[in-house]
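*Asks:*
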Amino acid sequence: MRFATGNFHKYIEISEILSDYGIEVELSTVPKIEIQSESLEEIARKAVESVEVEGPVFVEDAGLFVEALNGFPGPYSSYVYSTIGCRGLLKLMEGVEDRRAHFKSVIALRLPRGEILLFKGVVEGEIAEEPRGTGGFGFDPIFIPSGYDRTFAEMDRAEKNRISHRGRATRAMAEWIYRKGLSAI
Ligand code: ITT
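Count along the sequence shown from 1, then add 528; that gives the number in the numbering used here.
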């Protein structure tokens with residue numbers, strides 16, 4: 529099964545989880561259309577429709593939604609990360625007491641006959657006061673999942689995968705495949 533992404537970190541996280549289910553993933557860097565939308569579901573669906581790949585293929589779209597910023601950067605997370613980064617987001621949060629935020633992940637899986645299935649995962653947490661840790665990628669150094677006092681960047685990959693939005697969405701897909709049998713894909 530192929531995973532169409534330009535983000536190697538996402539590929540490593542997802543392929544590690546799927547290997548526990550005996551599902552092998554191949555990285556595919558084919559171009560995909562990323563529409564502008566408030567909805568990760570819509571972005572992921574259109575993206576997987578657009579990839580020119582034979583056989584089963586999936587994409588994943590994710591974002592960080594900060595309560596006090598009315599859900600910003602949300603679907604624009606990739607652009608916001610590459611422009612203002614963790615430091616820029618922390619600046620927007622200066623003096624803000626309500627630090628609640630969540631990450632959301634939507635996987636869109638396209639089956640060989642063209643049917644598209646969506647799998648979602650969310651992790652609640654809060655925005656740290658300063659960046660901490662060197663693991664992971666993107667906004668990991670400033671996101672502390674609920675029930676923990678460490679950021680995602682202070683966890684190893686296995687621990688992040690157990691609780692992350694992507695881990696949840698990936699396991700939902702893996703369990704669907706497992707129930708249907710590998711021949712379903
Ligand atoms: P592809 O679309 O090619 O898969 P991308 O990096 O552009 O890769 P997204 O559009 O899903 O992926 O962007 C989501 C951005 O949100 C990502 O670039 C990070 O900055 C941030 N993000 C998503 N998941 C994250 C995670 O687990 N940890 C930290 N930041 C994350």
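For glycine and all other residues, C-beta sits at the position ideal for the given N, C-alpha and C. Quantities reported herein were computed from a predicted structural model and do not represent experimental measurements.
Provide the residue(s) that pair with histidine 630 in DSSP beta bridges, ordered along the chain.
*Replies:* The partner list for histidine 630 (beta bridge, DSSP) reads Phe593 and Glu652.
*Asks:* Is it true that the segment 673-691 meets the segment 634-642, where meeting means three or more beta-carbon pairs spaced less than 8 Å apart?
*Replies:* The segment 673-691 vs the segment 634-642: no contact.
*Asks:* Can you look up arginine 641 in the DSSP assignment and give me helix, strand or coil?
*Replies:* Correct three-state label for arginine 641: coil.
*Asks:* Would a C-beta distance cut-off of 9 Å place phenylalanine 631 and phenylalanine 593 closer than the cut-off?
*Replies:* Yes; because the gap between Cβ atoms is below 9 Å, this pair is in contact.
*Asks:* Is threonine 533 a contact residue of the ligand ITT, with contact defined as CB to any heavy atom under 8 Å?
*Replies:* Under cutoff, so the answer is yes.
*Asks:* Quick check: is any heavy atom of the ligand ITT less than 8 Å from the C-beta of glycine 591?
*Replies:* For the ligand ITT, at least one heavy atom lies less than 8 Å from the Cβ of glycine 591.
*Asks:* Take the Cβ of tyrosine 539 as the centre, count every other Cβ of all protein chains shown within 10 Å, and call the residue buried at 16 or more, exposed below.
*Replies:* With 16 or more other Cβ atoms within 10 Å, it is buried.
*Asks:* Kindly identify the DSSP beta-bridge partner or partners of arginine 530.
*Replies:* Paired residue(s): Glu554 and Val585.
*Asks:* Using only the heavy atoms of the ligand ITT, determine whether one of them is closer than 8 Å to the beta carbon of glutamate 562.
*Replies:* Answer for glutamate 562: yes, Cβ within range of the ligand ITT.
*Asks:* How many whole angstroms separate the CB atoms of alanine 596 and aspartate 626, which I take to be in contact at a CB cut-off of 8 Å?
*Replies:* Rounded, the Cβ-Cβ distance is 5 Å, consistent with contact.
*Asks:* Quick check on arginine 573: buried or exposed, where buried means 16 or more other Cβ atoms within 10 Å of its Cβ?
*Replies:* Buried.
*Asks:* Throw me the rounded Cβ distance for the arginine 696 and valine 624 pair, which I believe falls under 8 Å.
*Replies:* That pair is no contact at about 27 Å.
*Asks:* Using a Cβ-Cβ cutoff of less than 8 Å, which residues in the same chain neighbour glycine 616 once the five nearest sequence positions on both sides are dropped?
*Replies:* Excluding sequence neighbours, glycine 616 sits near Val608.
*Asks:* Would you call valine 576 buried or exposed, if buried means 16 or more other Cβ atoms sit within 10 Å of its Cβ?
*Replies:* Valine 576 is buried by the Cβ-count criterion.
*Asks:* Measuring straight from C-alpha to C-alpha, what distance separates phenylalanine 536 and serine 556?
*Replies:* Going by the C-alpha atoms only, they are around 10 Å apart.
*Asks:* Need the endpoints of the alpha helix (DSSP H) that isoleucine 540 sits in, please.
*Replies:* Segment 536-547, the alpha helix (DSSP H) holding isoleucine 540.
*Asks:* Which of helix, strand or coil does DSSP assign to phenylalanine 667?
*Replies:* Three-state result, phenylalanine 667: coil.
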